[in-house]
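In the order they appear, the protein sequences are chains A, B and C.
Residues 4 to 217 in our numbering are what the first sequence lists, from first letter to last.
Residues 4 to 217 in our numbering are what the second sequence lists, from first letter to last.
Residues 4 to 217 in our numbering are what the third sequence lists, from first letter to last.
We treat Cβ as the ideally placed atom computed from N, Cα and C, and that holds for glycine.
Values in this document were obtained by computation on a predicted structure and should not be read as measured data.
All remarks here apply to the structure that follows.
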Amino acid sequence: MDSIIGTSEQILHALYMIGIVAEAVTAALAAGRRSMDWMGVAMLGPVTALGGGAVRDVLLGHHPLSWVEHPSYLLITAGAALATIAVARHVYHLRKIFLFLDAVGLVVFTVIGCNVAIALGLPVVIVIASGMITGCAGGVLRDILCADIPLLFRAELYATVAILTGVLYVGGQWVGLAHDISIALAMIAGLALRILALRFGWSMPKFVYTHTLH
Amino acid sequence: MDSIIGTSEQILHALYMIGIVAEAVTAALAAGRRSMDWMGVAMLGPVTALGGGAVRDVLLGHHPLSWVEHPSYLLITAGAALATIAVARHVYHLRKIFLFLDAVGLVVFTVIGCNVAIALGLPVVIVIASGMITGCAGGVLRDILCADIPLLFRAELYATVAILTGVLYVGGQWVGLAHDISIALAMIAGLALRILALRFGWSMPKFVYTHTLH
Amino acid sequence: MDSIIGTSEQILHALYMIGIVAEAVTAALAAGRRSMDWMGVAMLGPVTALGGGAVRDVLLGHHPLSWVEHPSYLLITAGAALATIAVARHVYHLRKIFLFLDAVGLVVFTVIGCNVAIALGLPVVIVIASGMITGCAGGVLRDILCADIPLLFRAELYATVAILTGVLYVGGQWVGLAHDISIALAMIAGLALRILALRFGWSMPKFVYTHTLH
């Protein structure tokens, strides 16, 4: 049993590393669209890739933060962002792969965020919120630093994917599924929703309001 | 004596619940003015309503945050924001009531923020700063997520109301007034200033500077 | 030996006070360029001057924050920002002095940030990151509150100066230089790079990318 949990944690960790690299790459492209300089690129990568976990840990008082404990994460994400400058043209041709890896990052970050809150003994609403913050807050920080309204608030089912993943993961364990089965099920369902949303342009209805309050 | 303090705390708590709902509603309208989607509305409500207390608690190292301890606050503020979509037209006709309840929220949040710093034994400048951050930082987060310069920095006597409320609350206790009297006095004065500022369009003078430094 | 370290710490503290005042002044001018009101000016000063250290302390779980322990810092930086309104015309004529003092602030904040991480026993990558965050994050908060893409990400060698200062400070101690010599060397080199970058308009190459990912 231990070895199975160990294996699933190793897979989760490997997917986490893929996820932070994919997020750093997409952050570098966002930086390039605003003509940031190389230092800006090198900073926006780690902020985007590691920012979701950082916001979660700061809100939950969960120290040390993962990149403080593993400084290599800072170097890997800054390096991935800088490397993107050199290979940007090829990234465009590989964009479907990167969007897929970014989606993998979203569901992995969500599951990891849920796990942190579960380990802290927090109630289920906070477990799901913790997963959502971990999955989504990095992209919100990226958009704030690009002086944009967060994409998360305007389009795509990004946050919805995080909530679905969190609910299925927690719900799977609640109905008695094995830990690994719950994780796999939640991640596959979240990934499927994200890919279908990208493929068919699914989005939430918008709320349009034109009055001012005073 | 205990029962009186208990009563004043119950009133403060009831006003707090009214305040977070009112702030969630005004946040939903701000989201609507930027055509955010329903998920964006559901997230901007809690961030605005609970963000001031969260910023205060993170800065003061005061854990757990209120919404981590009371996850229902997350659900109530997200629900209030979503409900606003359905009733937005009526909210416009009720806008004076909402501006009033938003002002109630401002002074209640300020008093609660002062109380947190007092309970931590912090000096008086930090007590007033804590009140101001609790009252105002949620709206600053809302405006950052809307990619706007915070309204707080540009117009209205919002922060001034928080400072006045904090100073009167702390000052009232310092000159020997009963705790409840200080709270009531500070909140009524802050509320009066806010309503007069809205009614007569009072604002701080602006600092206009057109040079660049280099 | 004690008295020498004591003297160097006193110099560092004096330079820190100069640095926070200079940053509050430049923040007030940024507020003036956005026509913020006096309260906005009084708030943007402390956020900019003390925000770098606050972000560092929140990320590292290092409490209490410096301005919570020394509330006078809040009053000094708010006062410096407000005073700038009165003397703004003269600040323009003194702009070279202020840019110099702002650069002094950058290298002093960086060294202080490194010291905080060293005292917490953190690895060298985090020591340098801590210095950079302390030196740069206040300006990032200022630009976010002005709804701008942070200057740090777009122009000037600001973050590069912080990294150089941090690397030389840590490296100097690693090769066996005395503590004071390392500090002096790192600060002089960082200051020289910043002044040369301002004088000759040095900047990082930009990354320009025009595609969207999907």
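is_contact[phenylalanine 156/B, chain C] using C-beta, thresh 7 Å
Counted from its first residue, the second sequence places residue 156/B at position 153. Yes, its Cβ sits closer than 7 Å to a Cβ of chain C.
Cβ-based contacts, 8 Å cut-off: residues of the segment 29–44 of chain A near chain C
Answer in chain order: Thr29, Ala31, Leu32, Ala34, Gly35, Arg36, Arg37, Ser38, Met39, Asp40, Trp41, Met42, Gly43, Val44.
Within a Cβ cutoff of 8 Å, which residues of the same chain sit near leucine 199/A, ignoring the five residues on either side of it in sequence?
Taking the first sequence and counting its residues from 1, the one referred to as residue 199/A is at position 196. Only Trp205 meet the Cβ criterion.
Determine whether the Cβ of tyrosine 161/A lies closer than 7 Å to any Cβ atom of chain C.
Counting from one through the first sequence, the residue named residue 161/A turns up at place 158. Residue-level contact by beta carbon fails for tyrosine 161/A and chain C, as no gap is shorter than 7 Å.
Using the beta-carbon count (16 or more within 10 Å), is tryptophan 70/A buried or exposed?
Position 67 of the first sequence, counted from the first residue, corresponds to residue 70/A. Per the 10 Å Cβ criterion, buried.
Identify the contact partners of valine 178/C in chain B, using a Cβ-Cβ distance below 8 Å as the criterion.
For this step, residue 178/C is matched to residue 175 along the third sequence. Going along chain B, no residue has its Cβ under 8 Å from valine 178/C, so there is no contact; the nearest lies around 35 Å.
Among Gly141/A, Val128/A, Gly179/A, which has the Cα closest to the Cα of valine 170/A?
If you number the first sequence from 1, residue 170/A lands on position 167. Nearest option by C-alpha distance: Val128/A.
Going along chain C, which residues have a C-beta under 7 Å from alanine 150/A?
By one-based count along the first sequence, residue 150/A stands at place 147. The contacting residues are Ala150, Asp151, Ile152.
Selected residue, minimal CA-CA separation from histidine 214/A, among Tyr19/B, Gly9/B, Ala31/B, Phe156/B
Position 211 of the first sequence, counted from the start, is the residue given in the question as residue 214/A. Answer by Cα proximity: Ala31/B.
Starting from histidine 214/C, find everything on chain A with Cβ-Cβ shorter than 7 Å and list it in chain order.
What you label residue 214/C is simply residue 211 of the third sequence in a count that begins at 1. Those within 7 Å of histidine 214/C in chain A are Tyr95.
8 Å CB neighbourhood of proline 126/C in its chain, flanking five on each side removed
One-based indexing of the third sequence puts residue 126/C at position 123. No residues qualify anywhere along the chain.
Taking 7 Å as the CB-CB cut-off, is isoleucine 184/B touching chain A?
In the second sequence, counting from the first residue as 1, residue 184/B sits at position 181. It does not; no Cβ of chain A falls within 7 Å.
Chain-order list of residues whose beta-carbon lies under 8 Å from that of valine 50/B (same chain, five-residue window excluded):
Along the second sequence, one-based indexing puts residue 50/B at 47. So the qualifying residues of the chain are Ala30, Gly141, Leu144, Arg145, Leu148.
Member of Leu18/C, Ser11/C, Ala45/C whose CA lies at the smallest distance from the CA of proline 208/B
Here residue 208/B is taken as the residue at index 205 of the second sequence, counted from 1. Comparing Cα positions, the closest option is Ala45/C.
Proximal residues, the segment 60–73 of chain B versus chain C, C-beta separation under 9 Å
Legend: CB atoms of the segment 60–73 of chain B lying less than 9 Å from CB atoms of chain C belong to residues Val61, Leu62, Leu63, Gly64.
Alanine 122/B CB to nearest chain A CB: under 7 Å?
As a first step, residue 122/B is located in the second sequence; it is residue number 119 there, counting from the start. By the rule that beta-carbons nearer than 7 Å mark a contact, alanine 122/B does not touch chain A.
Which partner residues of lysine 209/C appear in the DSSP bridge assignment?
Looking up residue 209/C in the third sequence gives position 206. Within the DSSP secondary-structure output, lysine 209/C pairs in a beta bridge with Asp40/A.
Here's the rule I'm using: 16 or more other beta-carbon atoms within 10 Å means buried, otherwise exposed. How should serine 79/C be labelled?
As a working note, residue 79/C is residue 76 in the third sequence. In the sequence as presented, serine is not what sits at residue 79/C; that position holds isoleucine. Buried, because 16 or more other Cβ atoms sit within 10 Å of the Cβ of isoleucine 79/C.
Take the Cβ of proline 89/B as the centre, count every other Cβ of all protein chains shown within 10 Å, and call the residue buried at 16 or more, exposed below.
Here residue 89/B corresponds to residue number 86 of the second sequence, with the count starting at 1. The sequence given here places alanine at residue 89/B; proline does not occur at that position. By the neighbour-count definition (other C-beta atoms within 10 Å, threshold 16), alanine 89/B is an exposed residue.
In whole angstroms, what is the alpha-carbon distance linking leucine 160/A and isoleucine 166/A?
Position 157 of the first sequence, counted from the start, is the residue given in the question as residue 160/A. Position 163 of the first sequence, counted from the start, is the residue given in the question as residue 166/A. Leucine 160/A and isoleucine 166/A have their C-alpha atoms spaced approximately 10 Å apart.
Can you have a look at isoleucine 100/B and say buried or exposed, based on whether 16 or more other CB atoms are within 10 angstroms of its CB?
Indexing the second sequence from 1 puts residue 100/B at position 97. Isoleucine 100/B should be labelled exposed.
I want to see whether chain B comes within less than 7 Å of alanine 91/C, judged by CB atoms only; does it?
Against the third sequence, residue 91/C aligns to sequence position 88. Yes, its Cβ sits closer than 7 Å to a Cβ of chain B.
Of all Cβ atoms in chain B, is any one closer than 7 Å to the Cβ of proline 49/A?
Position 46 of the first sequence, counted from the first residue, corresponds to residue 49/A. Residue-level contact check: proline 49/A does not touch chain B, since none of the beta carbons of chain B fall below 7 Å from its beta carbon.
Neighbour-count burial assignment, phenylalanine 210/B, 16 or more Cβ in a 10 Å radius
Numbered from its first residue, the second sequence carries residue 210/B at position 207. Phenylalanine 210/B should be labelled buried.
Leucine 104/A and alanine 25/A - do their beta-carbons sit closer together than 7 Å?
Residue mapping note: residue 25/A aligns to position 22 of the first sequence, counting from 1. Residue mapping note: residue 104/A aligns to position 101 of the first sequence, counting from 1. Yes, Cβ-Cβ distance for alanine 25/A and leucine 104/A is below 7 Å.
Contacts that methionine 207/B makes with chain A (C-beta to C-beta distance below 7 Å):
Within the second sequence, residue 207/B is the residue found at index 204, counting from 1. Listed by position along chain A, the residues whose Cβ is nearer than 7 Å to that of methionine 207/B form an empty set, because the closest Cβ is around 17 Å away.
Could you name the residues of chain B that isoleucine 129/A contacts, counting a contact when the two beta carbons are closer than 7 Å?
Taking the first residue of the first sequence as 1, we reach residue 129/A at position 126. Here the neighbours are Val71, Pro74.
Restricting to Cα atoms, I'd like to know which of Gly175/A, Gly193/A, Gly22/A, Met135/A is closest to leucine 77/B.
By 1-based counting over the second sequence, the position of residue 77/B is 74. Taking each of Gly175/A, Gly193/A, Gly22/A, Met135/A in turn and checking the Cα distance to leucine 77/B, the smallest one comes out for Met135/A.
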